[in-house]
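**Q** Residue numbers for the sequence shown follow the UniProt record's numbering, so the first one is 1 and each next one is one higher.
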Amino acid sequence: MSNGTFVLYLLCAAAVLFLAHVVRAARWGILFPPKLIKRRFPLLLGLALGYVANAVVPWRLGELLRAWYASRKTSVRFAYVAATVVAERMSDLAVVAVLTGLLQLTGRAQGLPLVPVMAVVAFLAVLLFSLAVQRSERTRQRIWRLASIFNDRLRFKAVDFSWSLSELVVGGALLRARYLFSTVLMWALYLLSYYLFSQADATPFDRIFTSMLGTPLRPTMAELASGQVMHTAALAAFAGLPIVGVLAYGLLRQWPVVLNLMWKRRRLGLYNERTVSGGARKRFKADAEYDYFLASLFSGNNKAASRFGMQALDDGTVQKLYGGGSDAITALVEVQGQLLIRKFASGDAGAKLQQQQEWLVRHRVDDFPLVQVLGGHARPHAYYYDMPLVVPANDFFDFIHSNPTESSRVILGEVLERMSGLHQRNLLAQTPRETIAKYLRDKAIQNTAKILEFARSVLPEDDYQVNGQACSLKDWELLLDADWLSRQIQLEASTIVHGDLTIENIIVAPQVAQGWYIIDPNPDNVFNSPLIDWGKMLQSLHLGYEGMNRNYHCTLDGSSIRMAFTRSQAYTQLHQFVDGLLLERFGERGLREAYFHELVHYLRLVPYKIRQNRHKGLAFFACASVLLNEYRERWHD
Numbered sequence: 001m002s003n004g005t006f007v008l009y010l011l012c013a014a015a016v017l018f019l020a021h022v023v024r025a026a027r028w029g030i031l032f033p034p035k036l037i038k039r040r041f042p043l044l045l046g047l048a049l050g051y052v053a054n055a056v057v058p059w060r061l062g063e064l065l066r067a068w069y070a071s072r073k074t075s076v077r078f079a080y081v082a083a084t085v086v087a088e089r090m091s092d093l094a095v096v097a098v099l100t101g102l103l104q105l106t107g108r109a110q111g112l113p114l115v116p117v118m119a120v121v122a123f124l125a126v127l128l129f130s131l132a133v134q135r136s137e138r139t140r141q142r143i144w145r146l147a148s149i150f151n152d153r154l155r156f157k158a159v160d161f162s163w164s165l166s167e168l169v170v171g172g173a174l175l176r177a178r179y180l181f182s183t184v185l186m187w188a189l190y191l192l193s194y195y196l197f198s199q200a201d202a203t204p205f206d207r208i209f210t211s212m213l214g215t216p217l218r219p220t221m222a223e224l225a226s227g228q229v230m231h232t233a234a235l236a237a238f239a240g241l242p243i244v245g246v247l248a249y250g251l252l253r254q255w256p257v258v259l260n261l262m263w264k265r266r267r268l269g270l271y272n273e274r275t276v277s278g279g280a281r282k283r284f285k286a287d288a289e290y291d292y293f294l295a296s297l298f299s300g301n302n303k304a305a306s307r308f309g310m311q312a313l314d315d316g317t318v319q320k321l322y323g324g325g326s327d328a329i330t331a332l333v334e335v336q337g338q339l340l341i342r343k344f345a346s347g348d349a350g351a352k353l354q355q356q357q358e359w360l361v362r363h364r365v366d367d368f369p370l371v372q373v374l375g376g377h378a379r380p381h382a383y384y385y386d387m388p389l390v391v392p393a394n395d396f397f398d399f400i401h402s403n404p405t406e407s408s409r410v411i412l413g414e415v416l417e418r419m420s421g422l423h424q425r426n427l428l429a430q431t432p433r434e435t436i437a438k439y440l441r442d443k444a445i446q447n448t449a450k451i452l453e454f455a456r457s458v459l460p461e462d463d464y465q466v467n468g469q470a471c472s473l474k475d476w477e478l479l480l481d482a483d484w485l486s487r488q489i490q491l492e493a494s495t496i497v498h499g500d501l502t503i504e505n506i507i508v509a510p511q512v513a514q515g516w517y518i519i520d521p522n523p524d525n526v527f528n529s530p531l532i533d534w535g536k537m538l539q540s541l542h543l544g545y546e547g548m549n550r551n552y553h554c555t556l557d558g559s560s561i562r563m564a565f566t567r568s569q570a571y572t573q574l575h576q577f578v579d580g581l582l583l584e585r586f587g588e589r590g591l592r593e594a595y596f597h598e599l600v601h602y603l604r605l606v607p608y609k610i611r612q613n614r615h616k617g618l619a620f621f622a623c624a625s626v627l628l629n630e631y632r633e634r635w636h637d
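(1) Here's the rule: buried if 16 or more other CB atoms are within 10 angstroms of the residue's CB, otherwise exposed. What is residue 22?
(2) Just to confirm my understanding: we take residue 290, look at its own chain, exclude 5 residues before and 5 after, and list those with CB closer than 7 Å. What are they?
(3) Taking the alpha-carbon of residue 435 as reference, which of 116, 574, 303 and 526 has the nearest alpha-carbon?
(4) Measuring straight from C-alpha to C-alpha, what distance separates residue 25 and residue 504?
(5) Output needed for residue 49: all residues of its chain with C-beta closer than 8 Å, excluding positions within five of it in sequence on either side, in chain order.
(6) Which of the three DSSP states is assigned to residue 328 in this structure?
(7) Check each candidate in 381, 187 and 361 and name the one with the smallest Cα separation from residue 372.
(8) Can you tell which of 483, 563, 98 and 553 has its C-alpha closest to the C-alpha of residue 433?
(9) Taking 9 Å as the cut-off, decide whether the C-beta atoms of residue 541 and residue 571 are in contact.
(10) Check whether the segment 378-397 and the segment 506-525 touch, using three or more Cβ-Cβ pairs below 8 Å as the test.
(11) Tell whether a beta-carbon distance below 9 Å holds between residue 495 and residue 537.
(12) Would you report the Cα separation of residue 385 and residue 335, rounded to the nearest angstrom?
(13) Can you name, in chain order, every residue of its own chain whose Cβ lies under 7 Å from the Cβ of residue 315, other than the five neighbours on each side?
(14) To the nearest angstrom, report how far apart residue 154 and residue 287 are at their CA atoms.
(15) Considering residue 465, what are the terminal residues of the alpha helix (DSSP H) in which it resides?
(16) Kindly say whether residue 146, judged by its beta-carbon, lies nearer than 9 Å to any beta-carbon of chain D.
(17) Just to confirm before moving on: does the CB-CB distance between residue 412 and residue 578 stay below 9 Å?
(18) For a minimum of 4 consecutive residues, which ranges assigned as the alpha helix (DSSP H) are wholly contained in the segment 486-557?
(19) Is it buried or exposed for residue 638, if we count other Cβ within 10 angstroms and need 16 for buried?
(20) Does the beta-carbon distance from residue 318 to residue 339 come in below 9 Å?
(21) Closest to residue 242 by C-alpha separation, out of 306, 375, 18 and 342, would be which residue?
(22) Exposed or buried, what is residue 621 when buried is set at 16 or more other beta-carbons lying within 10 Å of its beta-carbon?
(23) What residue from 500, 41, 615 and 514 has the CA that sits closest to residue 535's CA?
(24) Determine the DSSP secondary structure at residue 368, reduced to helix, strand or coil.
(25) In chain order, what residues of the same chain lie with their CB nearer than 7 Å to the CB of residue 82, ignoring the 5 residues before and after it?
(26) Near residue 564, what residues of its chain come up, given a Cβ to Cβ distance below 8 Å and the 5 sequence neighbours on each side ignored?
(27) Only counting the same chain, and skipping five residues up and downstream in sequence, which positions put a Cβ closer than 6 Å to that of residue 43?
(28) If you measure between the beta carbons of residue 305 and residue 345, is that distance less than 9 Å?
(29) Which term fits residue 181, buried or exposed, when burial requires 16 or more other beta carbons within 10 angstroms of its beta carbon?
(30) Bridge partners for residue 341 per DSSP, in chain order?
(31) On a Cα-Cα basis, can you pick out the residue from 236, 480 and 543 that is closest to residue 10?
(32) Say whether the segment 421-429 touches the segment 579-590, bearing in mind that this needs 3 or more beta-carbon pairs closer than 8 Å, one atom from each stretch.
(33) Between which two residues does the beta strand (DSSP E) holding residue 376 run?
(34) Select from 558, 421, 491 and 497 the residue whose C-alpha is nearest the C-alpha of residue 640.
(35) Using only the alpha-carbon positions, how far apart do residue 566 and residue 164 sit?
(36) Might you give, ordered along the chain, the residues of its own chain that have their beta carbon closer than 6 Å to the beta carbon of residue 116, omitting 5 neighbours on each side?
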C-alpha cells in the first residue's frame, strides 16, 4: 500500500472512530433526564478523559474520572452519573460477548477464549444485582449495613448509586428504541473504524479488535513496550487522534475546568451538586427528603416512606415529608405547578386509607367541616389521596399553646357540637350485643394480650411502678375478662363516628368558612358508639397525648418506670371543659363509658407504638397503666 493510501485509510479510520465516540457520548446522554443535558460535549470530553486515564491507570479507574467530570459539568449528582456509566458499560458487555463469540466460531479469535464467558458473567452480575436491589428488602438492608462502615455522606452515595443503577437496568432504560439504535450505530462505526485501520496497517481485523477491546489507548502503551515502532505509531495515531482532538477542543472551550482538573485543586467528589437528577431523585425536591427515602428503602425502618417514593409520585415532586400515623405517610407534593397534601399507605393500612377517603367524601355534605379531598388513587396493594394545601393553617395543638385558652375553648366547643350533630342525625337506638362483644374481643382482649407479652419481656416481675405509683400486670387480667368488659358498656346506641377525633386532627384555618376543619377519620371501629369520639378527645387531653407523641422521656430501672407527663395548663382546662360537656349530655354513666373507651383507645395504640419503637412502646404502656389504675379506682365494680 502506498504512503498516500495508508494515510487516507488511517485518517478515515480515525475519523470514523471519532464519530463512534460521538455516538457513544450521545448514547450516554440518553440515560440522563432530557432537561438536564443541554449539550453533549461535556459527556464527550469526560469520555476522552476517561480513556486517557484508563491508558495509564489499572482497573478502569478512568471511569470514575469520566463520571466525576460529567457530574461536575452537568450538575447531576455523582452517584447517578456513575450508575449511568455502569449501565452503559453493561449494555456493551452483551455486544462484546456476541462479537467475540462470533469470532471464536469463525476461528479468528486470537487470545480471546474466555472473553465471551467473562462478558456474560459480568453482564449477569450487574443484572442480578439490579434485580435484587429492586425486589429484595434483604439485599437492600445488606447494602445499607455494608455501606454503614463509611460516613453518612459516602453511605448515601453508595445506596444512591445502587438504587439508581437498579432503576436504569430494571426500568428498561437500556431497552429504549433510541438507546438500542445508538448502540447498533456506535458498534457499527467502531467495527468499521477497526476494519479501515486493519487495511491501512495490514494487520488482521481480529487482532485490531482484540487490541482495541475495552480501552482504545491501552494497546498503544502495550505496543510501544514491544518495540514495534511503525505499528505503534500508526496505532497511536488511530486511537489517539480522536481523543487528542476532543481534549484540545475542550481545552480551548473549557480551559478553567480542565486546568482545575490537571492541577487537582479539588478532590474527587468534593463539589456542590445541584438537586437535579434522574430516576427516583427527580421526584424529591430536596436532598434531605431523597436521603430519607433512600434510608427508609435500604434500612427497612419506614416501609411507608419507601413505598410512597416508589408508588405515589408518578405525577409529582415531593417538597416535604411528614409522618402520617397508623402506618401512613403524608407529604407536601407539587403536581403540575400546584401544591397538594398527599397521604399514602400500603397493605392493610392502604385499604383503611381508602375507607378514610371514601368517608371524607361521603360526609362532607353533612354539617361537619371536613377536609376537601381532590381524588383518590389505587396502586397495587396501596392507596393515596390528595388534599388542597390551605394557607395559613395550624394544627389545633399549636393553636392551643399560642392563643388564649378561651379561644381554644370556643373552637373545641364548636367541634364537639358539630360532632354531636353528626351523631344525632345518624343515631341507631341499639347495637346487638354480639357486635359489642366483637368490639371488645378485637380491640381490647387481643391488644391486651399483645401488651402483656411485651410487658413481660421488659419487666422482671409482675409488680412494677410508674412514677412511684404501684401497678401490677395481674390488674391487666381484667382486660382479658369478656364478662367484665361487657359490663363496662351499657349505652348501646351506635351512629356514624369520625373515629379519631383527637386534637391533632383538628386544623385551624381562618380563611375557611367555619375557621377550622377535621382530617383523618378512622371509621372502622366495629362498634360505633358516639362515645368513641368523646373517648378520642379524652385520649388527647387526659394525659397530653400530642405533647408526649412529639417529645417523650421514659426510663426503666428494674421494675420502675419513670415517665414525664407534660400536660399543659391549657390542656388541663380543656379537659375539665370536655368532662363538663360529657356530664351534661350523657350523665355519670356516659362519662364513665367515655373514659372506658379512652382506655380501649390506648389498648389499640400501645401495640402500634411497640411496632414503631419498643422504647416508645414502653412509654405508652406506662400511660395505659396509669389510665387503668385511675379507671379501676374510680369505677371498678
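Don't be surprised by glycine CBs; every beta carbon is placed ideally from N, CA and C.
**A** According to the structure data:
(1) On the sequence shown, position 22 is the one that residue 22 refers to. Buried: at least 16 other Cβ atoms inside 10 Å.
(2) Numbered from 1 along the sequence shown, position 290 holds the residue referred to as residue 290. Only 281 and 284 meet the Cβ criterion.
(3) Locating residue 435 in the sequence shown gives position 435, where the first residue counts as 1. The option with the nearest alpha carbon to residue 435 is 526.
(4) Looking up residue 25 in the sequence shown gives position 25. Looking up residue 504 in the sequence shown gives position 504. One C-alpha to the other measures close to 54 Å.
(5) The count along the sequence shown starts at 1 and reaches residue 49 at position 49. Same-chain partners within the cutoff: 62, 65, 66, 69, 247 and 261.
(6) Your numbering for residue 328 matches position 328 in the sequence shown. Three-state result, residue 328: strand.
(7) The residue given as residue 372 occupies position 372 in the sequence shown. Here the closest residue by C-alpha is 361.
(8) Numbered from 1 along the sequence shown, position 433 holds the residue referred to as residue 433. Nearest of 483, 563, 98 and 553 to residue 433, Cα basis: 483.
(9) Taking the sequence shown and counting its residues from 1, the one referred to as residue 541 is at position 541. Taking the sequence shown and counting its residues from 1, the one referred to as residue 571 is at position 571. Yes. Within cutoff.
(10) yes
(11) Position 495 of the sequence shown holds residue 495. Position 537 of the sequence shown holds residue 537. No.
(12) Translated into positions along the sequence shown, residue 385 becomes position 385. Translated into positions along the sequence shown, residue 335 becomes position 335. Going from the Cα of residue 385 to the Cα of residue 335 covers about 13 Å.
(13) Looking up residue 315 in the sequence shown gives position 315. 335.
(14) What you label residue 154 is simply residue 154 of the sequence shown in a count that begins at 1. What you label residue 287 is simply residue 287 of the sequence shown in a count that begins at 1. C-alpha separation (whole angstroms): 14 Å.
(15) Here residue 465 corresponds to residue number 465 of the sequence shown, with the count starting at 1. Premise fails: residue 465 lies in the beta strand (DSSP E), 463-466, not in any alpha helix (DSSP H).
(16) You won't find chain D in this structure, because it holds only one protein chain.
(17) As a first step, residue 412 must be located in the sequence shown, where it is residue number 412. As a first step, residue 578 must be located in the sequence shown, where it is residue number 578. Yes.
(18) 530-543 and 545-550
(19) This structure cannot settle anything about residue 638, because the visible part of the chain is limited to 1 through 637.
(20) In the sequence shown, counting from the first residue as 1, residue 318 sits at position 318. In the sequence shown, counting from the first residue as 1, residue 339 sits at position 339. Contact flag unset, no.
(21) By one-based count along the sequence shown, residue 242 stands at place 242. The residue with the shortest Cα to Cα distance from residue 242 is 18.
(22) Working through the sequence shown from its first residue, we reach residue 621 at position 621. Per the 10 Å Cβ criterion, buried.
(23) As a first step, residue 535 is located in the sequence shown; it is residue number 535 there, counting from the start. It is 500.
(24) Residue numbering aside, residue 368 sits at position 368 when the sequence shown is read from its first letter. Looking at residue 368 - three-state DSSP - the assignment turns out to be coil, as it is neither helix nor strand.
(25) Looking up residue 82 in the sequence shown gives position 82. Excluding positions up to five away in sequence, the list reads 67 and 161.
(26) On the sequence shown, residue 564 is found 564 positions in, with the first residue counted as 1. Closer than 8 Å at Cβ, skipping near neighbours: 552, 553 and 554.
(27) What you label residue 43 is simply residue 43 of the sequence shown in a count that begins at 1. For residue 43, where only same-chain residues beyond five positions count, the Cβ hits under 6 Å are 25, 28, 29 and 70.
(28) The sequence position of residue 305 within the sequence shown is 305, counting from 1. The sequence position of residue 345 within the sequence shown is 345, counting from 1. No, the Cβ-Cβ distance between residue 305 and residue 345 is not below 9 Å.
(29) Along the sequence shown, read from residue 1 onward, the residue named residue 181 stands at position 181. Exposed is the call here.
(30) As a working mapping, residue 341 is identified with position 341 in the sequence shown. DSSP output for residue 341 lists 332 and 387 as bridge partner(s).
(31) Position 10 of the sequence shown, counted from the start, is the residue given in the question as residue 10. Nearest C-alpha to residue 10: 236.
(32) no
(33) Reading the sequence shown from its first residue, position 376 is the one you call residue 376. Where residue 376 is concerned, the enclosing beta strand (DSSP E) stretches over 375-379.
(34) Outside the shown range of the chain, which is 1 to 637, sits residue 640, and nothing can be said about it.
(35) Position 566 of the sequence shown, counted from the start, is the residue given in the question as residue 566. Position 164 of the sequence shown, counted from the start, is the residue given in the question as residue 164. Roughly 45 Å between the two C-alpha positions.
(36) Reading the sequence shown from its first residue, position 116 is the one you call residue 116. Taken in chain order, the residues that qualify are 97, 100 and 101.
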